[in-house]
Each structure stands twice: as C-alpha cells, then as structure tokens.
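Asker: Position in the sequence shown (from 1) plus 31 gives the number in the numbering used here. Ideal placement from N, C-alpha and C gives every residue a C-beta, glycine not left out. Only a predicted model underlies this, so the values are computations on that prediction, with no experimental measurement involved.
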Amino acid sequence: MTFSEAMDYINAISKKGSVLGLDTTRELLRRIGNPQDKLKFVHIAGTNGKGSVLAFISTILAEAGYRTGRYISPVIYQYCEKIQINGEYISTQAVAAIVEVLKKACDAMVRDGFEQPTVFEVETAMAFLYFLNEGCDIVVLETGMGGRDDSTNVIQTPVCEVLTSISLEHVGIIGNNLAEITECKAGIIKDNSNVVLYAQSDEVTEIIQKICEDRKCSLTVTKPEQIIRKEDSLEGQIFDYGEHKDIYIRLLGEYQLKNAAAALEVIDVLRNNNYNITDTDIKNGMEHTSWSGRFEIVNSRPLIIMDGAHNPDGARVFADTVKEYLDDYIKIFVMGVLRDKDYPSIIKLTNDLASAIITINPDNARALSDTELKDAINEIKERDIPVIAAGRIEGGIEMASQIAIQLGHEKTAIIVFGSLSFLGDLGRYLYQ
C-alpha cells in the first residue's frame, strides 16, 4: 500500500464519523496483538489546555533522554503531525505500512460481524502499533472526545492521568451539564494511579476528589497561587512555581503559566516514579516547547497572531490574552468558526476588542459560512465596526493587511482565530 492509498482508505472511513465506546477499538487492538499493553502512558483529558500540557510534558521527557511518543488531534499542518516521537512526525512510509495491516484487520472484523472501526479508532491503533515498533519508553496522549468512552481509554498502563481545564463541551454527547461532563472526562482515571488536576471550580474539583478516593488514587491539584511571573513580553515568560525557579516558556498568556504548572506537577509525579529527569532537563524542555495555534506569533511585519479559540472557555482566555499583550494595538480580527460550536458566545466574548472583523470560510464540512458568521456578528456587536466576509483565509489576510495599511497605526495586529481547522492554511499561505 502507498501513502496515497492509505489516505484514500482513511478518508473513506472518515465518512462514518465518531462513535463513542471501547468495544470496537479493543477488538481491533486484540487482532494486532494489543500493542498498548506493552507501553507506558501519560493520559490527558479536559476541555482546554490538553495540547499545551502534552507539549510541555513530552518535550521535557525527550530532553531527559526518553523516547517519547505523542498522539494529538486535531493537527494543524499535515496528517503525519498527529503521531510523533521526540517531535519527529511519523513517516509516510510507516503510515502506509501500518494502515495496510489495520485495513486487513478491519476487513476481517467486518466479515466476522463487527462494526467497521471509525477513523479515530484506526488512527489510535496506528499510533500504539507505531510507538511499540519504534521502542518508545513512554507515550503522552490526549483524548479525542470526553474520556470514559474515548478510544484512547483502552490503555491500562498509565503512569499518570491529567485533567486540564474542564468546561461545558459536547453537551448532549458526553454529558448534559458540567458534573456529567466532568465524570465523563474523569473516566480515564484507573484504580491506584497518580492523577494531576488543573486547579479549577469547586464543582469539578469535588467530583475528581471523590473519584480519586473511590479508586484509591494519589491526587495532586495544581497551586496557581504559587505561580510567580517574573518577566512577560511577546518574546515569552519567566516564572517560578514552587521549587521550580526561573522557568522560561515561549507560550504566551497567564493561562499557559497554569498549563505549565500542571505539566511540572506531572513531571514531579514521574520523578517520584523513578523517571530520571533533572532540573536542567525541565528548564530546557520548557524553553524548547512550542505549540502551534495557541496565541502564536506567525509573522512580525505585519504582526499576525493565530489562536485556536473555538469554545467559550477558550474565547474567554483568548480575550484576556489579547488585552494583556495588545492593549495599545489596533486589532483586526480574521475569524472563522464551525457550525456546531457555540459561536454566539465566542462573538460576545471577543467582538468588542476589534477595530474590524473579517469573516472567512474554514475548509471543513462543519464550517459556518463567512456570510452567516458576518450576519451573526452584526446581530450581536454593540459597537459600529466594519464586518466583512472575505471567503477563504488568503482573502481574509489580504483584506486585513489592506485595512491595516489604511489605518496607518504604528501598532496594528492581525489576529486569526475561531477554529483550529484553518490555521494550517494560514501557515501554508504565509510561508509559501
């Protein structure tokens, strides 16, 4: 099988969509030898912050000399980005070879009366098989949706489970309220394991504490009051957290300090479980961590920032970060959203920060059109600012650049946000 043929197969089974539950994944993995049972994991669930926490942890582990797998979704730039070892993407040849094995297993399952595995189930199996074949010491992976019934939750050998910021998400699918959604995400917690919880609301914390008590787990809750920010600019941040001093990160925003604190707590758990990670490894890993699409500066002249804020909680953090770093800038938003997201709340939380808003069409079957988003913004906004539909991301950036030139302000920022689904298109356009 070639990589092109593998992608044809992946695209074909993508049409089935998502199906929650573990039975099909378990059967597929059983047929390829249960590679996940021979690996160690840090497993991450939550609404926001999963990717950043994953990036911090996996980069530190790689700095410490551990062969570290990453399994992430969604991706920004290319398909192979979702499966990495020490920052290096899986090769197209490896994808082709493993998909050929998995297709045979899937076809046999269908002949035997099982459901055809979904694309996420196949990709999860691909990641586990690749990580085993490549001799990974540890794998850091994030859930796709929820936790309890997510395909990644077939694992039985976690070293640590991590719960990041939890808020309302996928309502009606993984739960109908915050308590049910929290319980679903906490479904990744295994008996007698180590759990790190990002400090948050009392409701979430009490639920996690009760689950950890019932399952006899060791629970560590981050201590945001111990975060001391010492330097802060568009170049990065320096902070102390407990005994960790003068930690430099390139990721911007107060929320990234909180994500970094969660990662540091996980590293402390790993150290207490005989992982050899020095203070130097931690400092170097934190400094070298990058994470695309999280208030990321992608161009300096003009200043262009992209952010994947795609839900109310993410939009709230995004708005705070814009105020923190760009208060004296003229801000032009380029915005695209998916139809199934709470885009009215995103608009309410962000529109008053902009001097102009350009709407675009994300290249996604679930996208809200640029004209529909424009109409929604015009209905919600309270200030008289121009809102212009621009079609594709390329047209949106060109239009925003023209407006920036017309305004002639020394400090002007173009900020692209609303969904991760088109940020790769932005990168390709800027760097072509």
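1. CB Phe453 to CB Gly345, shorter than 9 Å?
2. How should Glu441 be labelled, buried or exposed, when 16 other C-beta atoms within 10 angstroms of its C-beta is the threshold for buried?
3. Please name the residue, chosen from Asn382, Pro375, Val365 and Thr123, that lies closest to Asp351 on a Cα-to-Cα basis.
4. Is Val84 helix, strand or coil when you go by DSSP?
5. Rounding to the nearest angstrom, what Cα-Cα distance links Lys216 and Asp68 in this structure?
6. Could you pull the start and end residues of the beta strand (DSSP E) that Arg260 belongs to?
7. Closest by CA to Asn471, which one among Ala93, His74, Gly80 and Ala43?
8. Taking the straight line between their C-alpha atoms, what separation do you get for Thr390 and Ile63?
9. Cα separation between Ala43 and Ile114?
10. Is the stretch 317-335 in contact with the stretch 77-96, if contact means three or more CB pairs nearer than 8 Å?
11. With three or more beta-carbon pairs closer than 8 Å as the criterion, would you say the stretch 250-257 touches the stretch 224-232?
12. To the nearest angstrom, report how far apart Val447 and Ala385 are at their CA atoms.
13. Could you tell me which of Asp271, Ile219, Gln257 and Lys261 sits nearest to Arg246, measuring between CA atoms?
14. State the DSSP-derived secondary structure class of Val106, mapped to helix, strand or coil.
15. Can you round the beta-carbon distance between Cys15 and Thr99 to whole angstroms, since I take them to be within the 8 Å contact cut?
16. Below 9 Å between beta carbons: does that hold for Thr183 and Lys71?
17. Tell me the rounded alpha-carbon separation between Tyr460 and Glu425.
18. At which residues does the beta strand (DSSP E) containing Met32 begin and terminate?
19. Measure the Cβ-Cβ separation of Met317 and Ile91 and say whether it is below 9 Å.
20. Tell me which residue opens and which closes the alpha helix (DSSP H) that Ala444 is part of.
21. Flag this pair as yes or no: are the beta carbons of Ala156 and Leu172 separated by less than 9 Å?
22. Applying the criterion that 16 or more other CB atoms from any shown protein chain within 10 Å of the CB defines a buried residue, is Ser224 buried or exposed?
23. Tell me which residue opens and which closes the beta strand (DSSP E) that Ala387 is part of.
24. Of the residues Ser49, Lys81, Thr56 and Glu36, which one's Cα is nearest the Cα of Val297?
25. Which term fits Val170, buried or exposed, when burial requires 16 or more other beta carbons within 10 angstroms of its beta carbon?
26. Where does the unbroken beta strand (DSSP E) through Thr251 begin, and where does it stop?
27. For Lys47, which residues in the same chain have their Cβ closer than 6 Å to its Cβ, ignoring the five residues on either side in sequence?
28. Anyone know if the C-beta pair for Ala387 and Ile434 falls short of 9 Å?
29. Are Gln124 and Phe34 touching if we call contact CB-CB under 9 Å?
30. Where does Arg101 sit, in a helix, a strand or coil, going by DSSP?
31. Hey, Arg370 and Leu399: beta-carbon distance below 9 Å or not?
32. Could you tell me if Lys354 is buried or exposed, where buried requires 16 or more neighbouring beta carbons within 10 angstroms of its beta carbon?
33. Alpha carbons only, please: which of Ser450, Ala291 and Ile436 is nearest the one belonging to Ala444?
34. Which residues in the same chain as Ala464 place their Cβ atom closer than 6 Å to its Cβ, once the five residues preceding and following it in sequence are excluded?
35. Given that a residue counts as buried once 16 or more other Cβ atoms are within 10 Å of its Cβ, and exposed if not, what is Asn207?
36. Within a Cβ cutoff of 8 Å, which residues of the same chain sit near Gly273, ignoring the five residues on either side of it in sequence?
Answerer: Reading from the atomic positions:
1. Here residue 453 corresponds to residue number 422 of the sequence shown, with the count starting at 1. Here residue 345 corresponds to residue number 314 of the sequence shown, with the count starting at 1. In this structure, Gly345 does not lie closer than 9 Å to Phe453 by Cβ.
2. The sequence position of residue 441 within the sequence shown is 410, counting from 1. By the neighbour-count rule (16 or more Cβ atoms within 10 Å), Glu441 is not buried but exposed.
3. The residue given as residue 351 occupies position 320 in the sequence shown. When only C-alpha atoms are compared, the closest one is Asn382.
4. Within the sequence shown, residue 84 is the residue found at index 53, counting from 1. DSSP places Val84 in helix when its eight states are reduced to three.
5. Counting from 1 along the sequence shown, the entry for residue 216 is found at position 185. Counting from 1 along the sequence shown, the entry for residue 68 is found at position 37. So the alpha carbons of these two residues sit roughly 21 Å apart.
6. For the purposes of this step, residue 260 is taken as residue 229 along the sequence shown, with counting starting at 1. First-last of the beta strand (DSSP E) with Arg260: Ile258 to Ser264.
7. Given that the chain is displayed from residue 32 to residue 463, the structure contains no residue 471 and the question cannot be resolved.
8. As a working note, residue 390 is residue 359 in the sequence shown. As a working note, residue 63 is residue 32 in the sequence shown. Approximately 46 Å between the Cα atoms of the pair.
9. As a working mapping, residue 43 is identified with position 12 in the sequence shown. As a working mapping, residue 114 is identified with position 83 in the sequence shown. About 20 Å.
10. yes
11. yes
12. Position 416 of the sequence shown, counted from the start, is the residue given in the question as residue 447. Position 354 of the sequence shown, counted from the start, is the residue given in the question as residue 385. Approximately 12 Å, taken between the alpha carbons.
13. Counting from 1 along the sequence shown, the entry for residue 246 is found at position 215. That would be Ile219, whose Cα lies nearest to the Cα of Arg246.
14. Position 75 of the sequence shown, counting from 1, holds the residue named residue 106. Looking at Val106 - three-state DSSP - the assignment turns out to be coil, as it is neither helix nor strand.
15. This structure cannot settle anything about residue 15, because the visible part of the chain is limited to 32 through 463.
16. Start at 1 with the first residue of the sequence shown, and residue 183 comes out as number 152. Start at 1 with the first residue of the sequence shown, and residue 71 comes out as number 40. The answer is no: Cβ separation not under 9 Å.
17. Counted from its first residue, the sequence shown places residue 460 at position 429. Counted from its first residue, the sequence shown places residue 425 at position 394. Rounded to whole angstroms, Tyr460 to Glu425 spans 7 Å at the Cα level.
18. Position 1 of the sequence shown holds residue 32. Note, Met32: premise wrong, no beta strand (DSSP E); not H, not E.
19. As a working note, residue 317 is residue 286 in the sequence shown. As a working note, residue 91 is residue 60 in the sequence shown. Contact flag set, yes.
20. Residue numbering aside, residue 444 sits at position 413 when the sequence shown is read from its first letter. No alpha helix (DSSP H) contains Ala444, which is instead part of the beta strand (DSSP E) from Thr443 to Phe448.
21. Within the sequence shown, numbered from 1, the residue matching residue 156 stands at position 125. Within the sequence shown, numbered from 1, the residue matching residue 172 stands at position 141. Against a cut-off of 9 Å, the Cβ pair of Leu172 and Ala156 comes out as no contact.
22. As a first step, residue 224 is located in the sequence shown; it is residue number 193 there, counting from the start. Buried.
23. Here residue 387 refers to the residue found at position 356 when the sequence shown is read from its first residue. Looking at the DSSP string, the run of the beta strand (DSSP E) that includes Ala387 is Ala387 to Thr390.
24. Residue mapping note: residue 297 aligns to position 266 of the sequence shown, counting from 1. For the residues Ser49, Lys81, Thr56 and Glu36, the minimum Cα distance to Val297 belongs to Lys81.
25. Numbered from its first residue, the sequence shown carries residue 170 at position 139. By the 10 Å Cβ count, Val170 comes out buried.
26. Along the sequence shown, read from residue 1 onward, the residue named residue 251 stands at position 220. Residues Ser249 to Val252.
27. Translated into the one-based positions of the sequence shown, residue 47 becomes position 16. Result list for Lys47: Thr149, in chain order.
28. As a working mapping, residue 387 is identified with position 356 in the sequence shown. As a working mapping, residue 434 is identified with position 403 in the sequence shown. Taking 9 Å as the Cβ cut-off, Ala387 and Ile434 qualify as a contacting pair.
29. What you label residue 124 is simply residue 93 of the sequence shown in a count that begins at 1. What you label residue 34 is simply residue 3 of the sequence shown in a count that begins at 1. Yes, the pair counts as a contact, with Cβ atoms nearer than the cut-off.
30. Taking the sequence shown and counting its residues from 1, the one referred to as residue 101 is at position 70. Looking at Arg101 - three-state DSSP - the assignment turns out to be strand.
31. By 1-based counting over the sequence shown, the position of residue 370 is 339. By 1-based counting over the sequence shown, the position of residue 399 is 368. For Arg370 and Leu399, yes; Cβs fall inside 9 Å.
32. Taking the first residue of the sequence shown as 1, we reach residue 354 at position 323. So Lys354 ends up on the exposed side.
33. Here residue 444 is taken as the residue at index 413 of the sequence shown, counted from 1. Measuring from the Cα of Ala444, the nearest candidate turns out to be Ile436.
34. The requested residue 464 does not occur in the structure, where the chain is confined to residues 32 to 463.
35. Walking along the sequence shown from the start, residue 207 turns up at place 176. Under this definition Asn207 is an exposed residue.
36. Locating residue 273 in the sequence shown gives position 242, where the first residue counts as 1. Closer than 8 Å at the Cβ level, and outside the excluded window around Gly273, lie Lys254, Gln257 and Leu295.
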